[in-house]
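Numbering (the UniProt record's numbering), first residue to last: 463 to 741.
Each residue gets a CB set at the ideal place from its N, CA and C atoms; glycine is no exception.
These notes are about the structure you will find just below.
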Ligand code: C2E
Ligand code: CA
Ligand code: CA
Ligand code: CA
């Protein structure tokens, strides 16, 4: 924790110094990570609860650092956001994910949607709509095969500007989902105005469904509200058959989590899809 000096002067504890030294080292190393091809994408299946089929995947970025080993996005995405590197990293993620979607499409795999996480800075970047239009047109893919996952905080500062960006995405057919829904600050009136296709129920509500009556009530309320507003729901972090049964019973459309599959390399996902397709 932050220690208070005698004169009220704040200084950093040794632990905080070590943390910020690592953050600084990672910021510098991240600059070279892209050109050295140290970033990769894993894909986690999104399962349609009506049919049990894999109907989409979420792209999740990984950083394989040669000395420090695997560094998770929970650590390096905030660093990239603070240093501004998130824009180029996010562009690489989008390009790579859409190119992968195109490869699966060309291999004749069952149709999938590709969900990609966007940071707030990326969402607000003036070139984003054009980049997306180019990627889709370049690969000949319809917009509705791409889903952009946004968190509620993209709209905090300027809801009007956010609504305009969402309109531009929507005009291209691209779908927008609210990630980690229920953990942020979005107001219900905003939600109605935004072009939101899907709410992703945060895994913190799913985790304790078995024994927490409040979490059950929250999940039911989110699903009902989505239905009333014409939106879909995807539950995140589904790990047990009991969680799955509850969500299905309540009318949740899709689910994602270790119960089905962990995030995996493209080749493994292809394998899983091919198997599902032959059944
Ligand atoms: P998220 O978008 O909420 O992604 C879900 C996270 O939960 C992923 O962690 C996923 O691996 C993990 N997960 C999936 N199923 C389960 C489960 O059943 N149980 C548990 N305990 N966890 C599960 P991951 O891959 O470490 O990503 C962490 C966060 O980093 C993501 O949270 C997202 O906010 C961010 N992130 C990942 N990739 C990108 C990216 O390409 N761009 C941006 N801007 N953010 C990204
Ligand atoms: Ca996500
Ligand atoms: Ca999430
Ligand atoms: Ca999250």
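As assigned by DSSP and simplified to three states, the class of residue 648: coil
Exposure of residue 507, with buried meaning 16 or more beta-carbon neighbours within 10 Å: buried
Buried/exposed call for residue 641, threshold 16 Cβ in 10 Å: buried
For residue 568, three-class secondary structure by DSSP: helix
heavy atom of ligand 1 below 6 Å from residue 641 C-beta: yes
Buried or exposed (CB count within 10 angstroms, at least 16 for buried), residue 637: Looking at its Cβ environment, which holds 16 or more other Cβ atoms inside 10 Å, residue 637 is buried.
Pick from 717, 533, 528, 486 that is closest to residue 664, judged by C-alpha positions: 717
Nearest candidate by alpha-carbon position, reference residue 649, set 626, 674, 678, 616: 616
Cβ contact (3+ pairs, closer than 8 Å) linking the segment 560 to 567 and the segment 582 to 590: no
N- and C-terminal bounds of the beta strand (DSSP E) containing residue 705: Here residue 705 belongs to no beta strand (DSSP E); instead the alpha helix (DSSP H) covers 703 to 711.
Proximity below 7 Å, CB of residue 611 to CB of residue 651: Their beta carbons are not under 7 Å apart, which means residue 611 does not touch residue 651 by this criterion.
Ligand 3 heavy atom lying under 6 Å from the CB of residue 716: Result no, Cβ not under 6 Å from ligand 3.
Nearest-angstrom Cβ-Cβ length linking residue 671 and residue 705, presumed shorter than 8 Å: Confirmed, Cβ separation roughly 5 Å.
Where the beta strand (DSSP E) containing residue 640 begins and where it ends: 637 to 643
Cβ distance (whole Å) where residue 518 is taken to contact residue 575 below 8 Å: 4 Å
Continuous alpha helix (DSSP H) stretch holding residue 697: start and end: Element bounds for residue 697: not the alpha helix (DSSP H) but the beta strand (DSSP E), 694 to 697.
Closest by C-alpha distance to residue 695, when choosing among 483, 505, 511: 511
Residues near residue 703 by beta carbon distance below 6 Å, same chain, minus five either side: none
For residue 498, the first and last residue of its enclosing beta strand (DSSP E): Neither: residue 498 is in no beta strand (DSSP E) and is coded neither H nor E.
Residue 484 in three-state terms, based on DSSP: helix
Whole runs of the beta strand (DSSP E) within the segment 541 to 610, excluding any shorter than 3 residues: 575 to 579
Cβ-heavy atom distance, residue 648 to ligand 1, below 6 Å: False, no ligand heavy atom lies under 6 Å from that Cβ.
Spatial distance of residue 657 from residue 634 (CA atoms): 12 Å
DSSP state of residue 420 mapped onto helix, strand, coil: This structure does not reach residue 420, given that the chain is present from 463 up to 741, and the question cannot be answered.
For residue 533: DSSP bridge partner residues: 525
Reference residue 604; option with closest CA among 632, 624, 626, 614: 632
Proximity of residue 578 and residue 556 at Cβ, strictly below 7 Å: Yes.
Residue 489 (DSSP reduced to helix, strand or coil): helix
Residue environment, residue 725, which counts as buried when at least 16 other CB atoms sit within 10 Å: buried
Beta-carbon gap between residue 680 and residue 667 smaller than 7 Å: yes
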